[in-house]
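Numbering (mature numbering (1 follows the signal peptide of the UniProt record, and there is no 0)), first residue to last: -40 to -1, 1 to 716.
Read the structure below first, then the notes.
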């Protein structure tokens, strides 16, 4: 081309030599323009557009493709992505290298990323209390006269904060053409079905919207549009990159293949096939527009599913292999080393130093108490250097209260000052319900169950009061209603009046034989006052007045008689709780100490003091977990009435005995439980199984003078446990040196707490 241009330019100059000097100079410049244009085009690499398709975890293969493009010096000038492709494409557009993204994918705790709540240890004590009511982790809301289910299994709280962290270097970029590499994210309007292409706005929110898989992630509302995963509208956005002006394109399709006929065995598979087929048709239409100048890469990802983020390293390697197979085509787009180095230097991630947080703006929600809660949570960040770890921890604390659907933040600038804008989003309901389930069966004709339903109204007043009512049916039947009123500067104080109507079955055993069974009818009113300044601990005192009536259901009325017993007293409690779970704990400690003092006042029939201690400590070493626990109760003056009794028996509570087979006003239990998690622990969605054994010792005595270490019963069990959607389930066999043994099938916590 240069050989053709230069002689033509000289011919023009010779023809112009007969003109005057001024005209000669002008014509000389005109003649040299084609040369300058050709040189500029030769210096500027061709514009290669990159299209990264959606595919969930399969999209990790995009990083492998990028590794090859970097190695082969392929200059990418435009990027667009859908779903996981928008994450990889967005990070590449902000300046991340493929190596940095590979490290991210392999080190992120994906299982934790898909759990919205902060770690249990940091949750408020009131939320920790709910663990002891055997509730399923599903809220069913009620608003405007109708029942409302969550619009996604995951709200995406942690995912949004992760995207916010990863895109901080571009916090003040609103036009995506001003990113180091111009970028587009593709989402879909779930109301209209329209494709939504983000070319400006909030980068983290745009990426989050693009990967809101319907049903799995809650949709994102932006500019009054409800947005979901862009795959339903355009899973491989070839047309978007072409519209951005790319001269050639590299297209990476990581979509899941259609199911075979043999796998279409249930309604869910049929529905998934229908959606996938519609997406595949749109993908084919996009790919049909590619030319011979474009490169299509389809990594052979085999059985890697869209949810297997734990196989990210494997997907990256497959993506790298697929790109290498396309090297003959890709190398036609390559530039020399110096040109590529200069090109990538201009696309490096920008430095980020926001300095001091000089103001905090909290976007108001309907509840004044919720506003104050968020403001208190983030207040410590004011007039301090911006610390992303600290702000994420503070937002997690506020989110852990359970009142919000999402809490986001943005860096913002106002009048030359840098600050933070905090954006809480209320849950779409003020009333919500939960269900609970508990089952115990010894395969020998003795079983019990309990079904519970809980209804909560929150933010009842400006101080954030909550009204909770629980109904139960089964071993315990009745209703408990309580009104929780926090107050104080940070809500650290509270008052809680309550009313309980409760009927509970109580069997009486001797030497392995059931002698009788009573139904205990309780009516109680109480007022609790407490102080809980930190999530880890609480102290409280509860005034209580009630009456128990025992009705004989089974047994000889000549040997066993019922009766009534009124009581009045105060229960002093101190609790420390840092356990990460009560189902299969791996770390933390929980200690609860009670002193119950009963007075012969207000018509009460009993008087005395009862001390109780419950302690559990957990640690994990890889797959192996150890839980150490102790339970003690003592009627200090050796009084015998229903409130002084402690109960033992059942799985992990002196295994071998039936549930609550031993009782007395003096009880002691110590246990060690060792369990191992089996299977692939890195899988995101799985049914964890545990194999374990326990060693237990303890007994119950009717008075202090009968307490004797020689009477301690040695017990143990072997069990298999499953963490199911209905809660922990155990199949166990236990025995003891008192000659008792039993099989157990039980739904309930490994801690086996009493129902409150």
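Glycine included, each C-beta is placed from N, C-alpha and C at the ideal position.
Quick one: give me the first and last residue of the beta strand (DSSP E) that residue 627 is part of. 626 to 638
Taking only the alpha-carbon atoms, compute the straight-line gap between residue 193 and residue 292 and give it to the nearest angstrom. 32 Å
Worksheet item: Along the chain, where does the alpha helix (DSSP H) that runs through residue 772 open and close?
Response: For the chain, the structure presents residues -40 to 716; residue 772 sits outside this window and is missing.
Cα-Cα, which of 92, 42, 112, 84 is closest to residue 75?
112
Does DSSP put residue 44 in a helix, a strand or coil? helix
key: Beta-carbon separation (whole angstroms), residue 154 vs residue 187, contact threshold 8 Å   = Between residue 187 and residue 154 the Cβ distance is about 10 Å, and since that is not below 8 Å, they are no contact.
Between which two residues does the alpha helix (DSSP H) holding residue 272 run? 272 to 285
If you reduce the DSSP assignment to three classes, tell me which class residue 692 lands in.
strand
Name the two residues that bound the continuous alpha helix (DSSP H) containing residue 167.
-> 163 to 170
#### Entry: CA-to-CA distance, residue 82 to residue 384, given in whole angstroms
19 Å
Assuming residue 451 and residue 605 form a contact by the criterion Cβ under 8 Å, report the distance between their Cβ atoms to the nearest whole angstrom.
That pair is no contact at about 36 Å.
TODO: In angstroms with no decimal places, state the Cα-to-Cα distance between residue 32 and residue 296.
DONE: In this structure, the straight-line span from the alpha carbon of residue 32 to that of residue 296 is close to 9 Å.
* DSSP state of residue 91, grouped into three classes? -> helix
Sequence-distant residues of the same chain with beta carbon closer than 7 Å to residue 717, five excluded per side | Not covered by the structure: residue 717. The range shown for the chain is -40 to 716.
Q. Does DSSP classify residue 204 as helix, strand or coil?
A. Under the three-state reduction of DSSP, residue 204 is assigned to coil, being neither helix nor strand.
Discussion item. DSSP three-state label for residue 418, please.
Written reply: coil
Please report how far the alpha carbon of residue -20 lies from the alpha carbon of residue 6, in whole angstroms. Residue placement at residue -20 is poorly supported in this model, since its pLDDT is 47, which falls under 50; the coordinates still yield a value, given next. Going from the Cα of residue -20 to the Cα of residue 6 covers about 39 Å.
* Asked: Going by the beta-carbon positions, is the gap between residue 201 and residue 86 smaller than 7 Å?
  -> no
Which same chain residues, not among the five before or five after residue 355, have their C-beta less than 6 Å away from its C-beta?
367
Just curious, the beta strand (DSSP E) that residue 406 is in, first and last residue?
From DSSP, residue 406 is part of no beta strand (DSSP E); its letter is neither H nor E.
Practice prompt. Could you round the C-beta distance between residue 675 and residue 616 to whole angstroms and report it? I think they count as a contact, below 8 Å.
Written response: 5 Å
Q | C-alpha gap between residue 312 and residue 65, whole angstroms | A | 22 Å
**Q.** residue 128 to residue 335 span [Cα, whole Å]
**A.** 22 Å
Could I get the ranges of all uninterrupted beta strand (DSSP E) runs contained in the stretch 499 to 584, with 3 residues as the minimum, in chain order?
523 to 537, 548 to 558, 568 to 581
query: Would the beta-carbon of residue 42 fall within 7 Å of that of residue 279?
result: no
Residue burial classification, residue 446 (beta-carbon count within 10 angstroms, cutoff 16): buried
- Task: Could you tell me whether the stretch 657 to 676 touches the stretch 626 to 637, where touching means 3 or more Cβ pairs closer than 8 Å?
- Result: By the C-beta criterion, the stretch 657 to 676 is judged to be in contact with the stretch 626 to 637, since at least 3 inter-stretch pairs fall below 8 Å.
- Message: Taking the straight line between their C-alpha atoms, what separation do you get for residue 466 and residue 636?
- Response: 34 Å
Item checked: Minimum length 3: unbroken beta strand (DSSP E) runs contained in the stretch 419 to 477 -> 426 to 434, 436 to 447, 453 to 470
- For residue 546, the nearest candidate out of 620, 525, 634 (CA to CA): 634
Can you tell me where the beta strand (DSSP E) with residue 370 in it begins and where it stops? 364 to 374
With 16 other CB atoms within 10 Å as the buried threshold, where does residue 196 fall?
buried
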